[in-house]
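J.:
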Amino acid sequence: MTATLPQRDLHILITDDDPNMRAMLREIVEAVGAFKTHLAANGNEACEIAQSETVHLALLDYQMPQLTGMETLQLLRQMQEVLPAILITADATLELVRKAMNAQFYSVIPKPFSKNVVTTTVVRALIRFYGDNVVENPKNGEPPASKPAEPAATTPDKPLQ
Numbered sequence: 001m002t003a004t005l006p007q008r009d010l011h012i013l014i015t016d017d018d019p020n021m022r023a024m025l026r027e028i029v030e031a032v033g034a035f036k037t038h039l040a041a042n043g044n045e046a047c048e049i050a051q052s053e054t055v056h057l058a059l060l061d062y063q064m065p066q067l068t069g070m071e072t073l074q075l076l077r078q079m080q081e082v083l084p085a086i087l088i089t090a091d092a093t094l095e096l097v098r099k100a101m102n103a104q105f106y107s108v109i110p111k112p113f114s115k116n117v118v119t120t121t122v123v124r125a126l127i128r129f130y131g132d133n134v135v136e137n138p139k140n141g142e143p144p145a146s147k148p149a150e151p152a153a154t155t156p157d158k159p160l161q
């Protein structure tokens with residue numbers, strides 16, 4: 001079963017220096033639910049967007065020019081204290097995952113990733129921060145019976161604890 005999000009004013013910020021990756025992530029995220037996506041090519045652009053929009057979830061690439069995803073999150077949280085964020089990286093070493101968890105990222109998604117991993121991680125993050133009512137069962141409009149587990153880091157196979 002695929003969860004869908006109800007019509008809400010949720011804003012998702014996608015930051016990656018690769019335009020193809022931004023487009024792919026936007027397509028995946030917009031297929032999950034009806035919310036506004038904002039695209040940024042680097043951390044500075046992400047901060048500009050966050051100055052004019054309340055961001056409900058940020059997907060940040062780790063390795064970008066100018067600012068890393070972690071540095072970007074620090075700046076974003078100066079503008080908006082509570083901001084769930086997911087780090088996306090081709091370098092998902094244990095050390096980087098630990099740093100991301102210490103920086104209070106909700107999860108780390110390693111590249112390459114599957115559509116399902118991104119979808120599941122986004123939905124879980126939204127449920128964790130905004131409650132069960134953010135996700136409805138597409139068949140009956142009811143929230144799912146139980147919350148998904150809260151991953152420390154997501155791999156294509158399972159959450160790392």
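Throughout the sequence shown, residue numbering follows the UniProt record's numbering, covering 1 to 161 in sequence. All residues carry an ideal CB built from backbone N, CA and C; glycine is no exception. Note that the structure is predicted; figures quoted are calculated from it, not measured.
Pick from 39, 33 and 34: whose alpha carbon is nearest that of residue 16?
T.: Per the Cα distances, 39.
J.: Pick from 126, 60 and 51: whose alpha carbon is nearest that of residue 168?
T.: Given a span of 1 to 161 for the chain in the structure shown, any question on residue 168 remains unanswerable.
J.: Taking Cβ to Cβ, would you say residue 92 is nearer than 9 Å to residue 65?
T.: Against a cut-off of 9 Å, the Cβ pair of residue 65 and residue 92 comes out as no contact.
J.: Give the straight-line distance between the Cα atoms of residue 87 and residue 53, rounded to the nearest whole angstrom.
T.: Computed Cα separation, rounded: 20 Å.
J.: Pairing CB atoms from the stretch 25–39 with CB atoms from the stretch 113–124, are three or more of them under 8 Å?
T.: The answer is yes - the stretch 113–124 touches the stretch 25–39, with three or more Cβ pairs under 8 Å.
J.: Take residue 89 as the anchor and find which of 11, 18 and 79 has the nearest alpha-carbon.
T.: The candidate whose alpha carbon is nearest that of residue 89 is 18.
J.: Anyone know if the C-beta pair for residue 104 and residue 125 falls short of 9 Å?
T.: Taking 9 Å as the Cβ cut-off, residue 104 and residue 125 do not qualify as a contacting pair.
J.: How many whole angstroms separate the CB atoms of residue 79 and residue 41, which I take to be in contact at a CB cut-off of 8 Å?
T.: That pair is no contact at about 19 Å.
J.: Just mark residue 76 as buried or exposed, buried being the case when its beta carbon has 16 or more other beta carbons within 10 Å.
T.: Its Cβ being crowded by 16 or more others within 10 Å, residue 76 is buried.
J.: Alpha carbons only, please: which of 23, 34, 129 and 121 is nearest the one belonging to residue 81?
T.: Residue 129 is the option with its Cα nearest to residue 81.
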